[in-house]
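Using our numbering, count along the sequence shown one by one with no gaps and you end on 214.
Report on one structure; see the data block that follows.
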Amino acid sequence: MIKESNYVSELNPKNEIDTLIEYATTEAVPIMDKISVEFVKQLLRIHNAHNVLEIGTAIGYSALHFASVHPNIQITTIERNELMYQQAKKNIQDFNKQHQINLVFKDALEAFDEVNHQIYDVLFIDAAKAQSKKFFELYSPLVRTGGLIITDNILYHDFVGNIEIVRSRNVKQMVRKIEKYNTWLSENTDYQTNFIDIGDGMSISIKLKGE
Ligand code: SAM
């Protein structure tokens, strides 16, 4: 919930799925903020996306939102934490979205064979932040030319670009990795990438060439 404007948030469409925000807040589960999730949904609509691959399900909040864009959109989402996976499974059933969401319980670094039976319009990276580059490299071949790769939290609480204010060594290490990833993305000529200051920061890369 970073840089969240209540006014703008309130203007966005209301959705039953937002009842999950309370659970996420109480249980300290990091999920997308409302403005970012609505922004990505609008990209899915503009892009006429039919197949989305998400890395990092948590309780299924973003996957359920993406599935709400239209009845023909299919979401494949990968989660490695069993508690999160069980909660996501329950939420997907409660919202009756099993037919649209394929939930994979596995470490995403080892799940390629489970999800490589198809090509995706959009890859959404929202898992361990220090590993975004690994996820990008592993799964970008599954994205069609012209497809999108969206990475969340590229500013990580505004520590990215401000590493001098970070005290913890572990956080510093992670911030350095995110900075490296952002630079690598900005210089990668196979993709056209924009970095935007929405929520916790997001990059949107358009795949220009096939693998
Ligand atoms: N996308 C979710 C949403 O907005 O509703 C939030 C995802 S949360 C920020 C990140 C999730 O990624 C956590 O539940 C964590 O367990 C999971 N995760 C982290 N590293 C992972 C990995 N290597 N493979 C699969 N899941 C991973």
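All residues carry an ideal CB built from backbone N, CA and C; glycine is no exception.
Since the structure is predicted, the reported quantities are computational estimates derived from the model, not experimental observations.
For Thr-154, the Cβ stays outside the 7 Å cut-off from all heavy atoms of the ligand SAM.
Annotation: the continuous alpha helix (DSSP H) that includes Glu-85 extends over 85 to 97. Per DSSP, the beta bridge partners of Lys-210 are Tyr-194. Of the other Cβ atoms in all chains shown, 16 or more fall within 10 Å of the Cβ of Asn-54; this residue is therefore buried. Going by DSSP, Asn-9 is part of the alpha helix (DSSP H) stretching over 9 to 14. Within the DSSP bridge table, the entry for Thr-80 names Glu-57, Leu-106 as partners. Excluding the 5 residues flanking it on each side, Val-32 has same chain C-beta neighbours closer than 6 Å at Ala-61, Ile-62, in chain order. Looking at the DSSP output, Tyr-123 shares a beta bridge with Val-146. Per the DSSP secondary-structure output, Met-205 pairs in a beta bridge with Asp-155, Ile-199. Nearest Cα to Glu-113 within the set Ser-208, Leu-14, Ile-78, Ile-58: Ile-58.
Taking Ile-157 as the centre and dropping the five residues before and after it, the same chain places the C-beta of Val-163, Ile-181, Asn-185, Phe-198, Gly-204, Met-205, Ser-206 closer than 7 Å to its C-beta, in chain order.
Listed in chain order, the non-local C-beta contacts of Phe-115 below 7 Å within the same chain comprise Leu-141, local neighbours out to five positions each way being set aside. Straight through space, the alpha carbons of Lys-92 and Pro-16 are spaced by roughly 25 Å.
The beta carbon of Lys-132 sits closer than 7 Å to the beta carbons of Asn-156, Tyr-159, Met-177, Ile-181 from its chain, once the five residues preceding and following it are set aside; these are given in chain order. Around the Cβ of Asn-51, a 10 Å sphere holds fewer than 16 other Cβ atoms; the residue is exposed. Here Ile-20 carries a helix assignment [DSSP, helix/strand/coil].
Annotation: the continuous alpha helix (DSSP H) that includes Gln-45 extends over 37 to 49. By the neighbour-count definition (other C-beta atoms within 10 Å, threshold 16), Glu-167 is an exposed residue. Classified as exposed, Lys-183 has fewer than 16 neighbouring CB atoms from the shown chains inside 10 Å of its CB. For Ala-27, same chain residues with a beta-carbon under 8 Å away, outside a window of 5 residues either side, are Pro-33, Ile-34, Ala-61, Ile-62, Tyr-64 in chain order.
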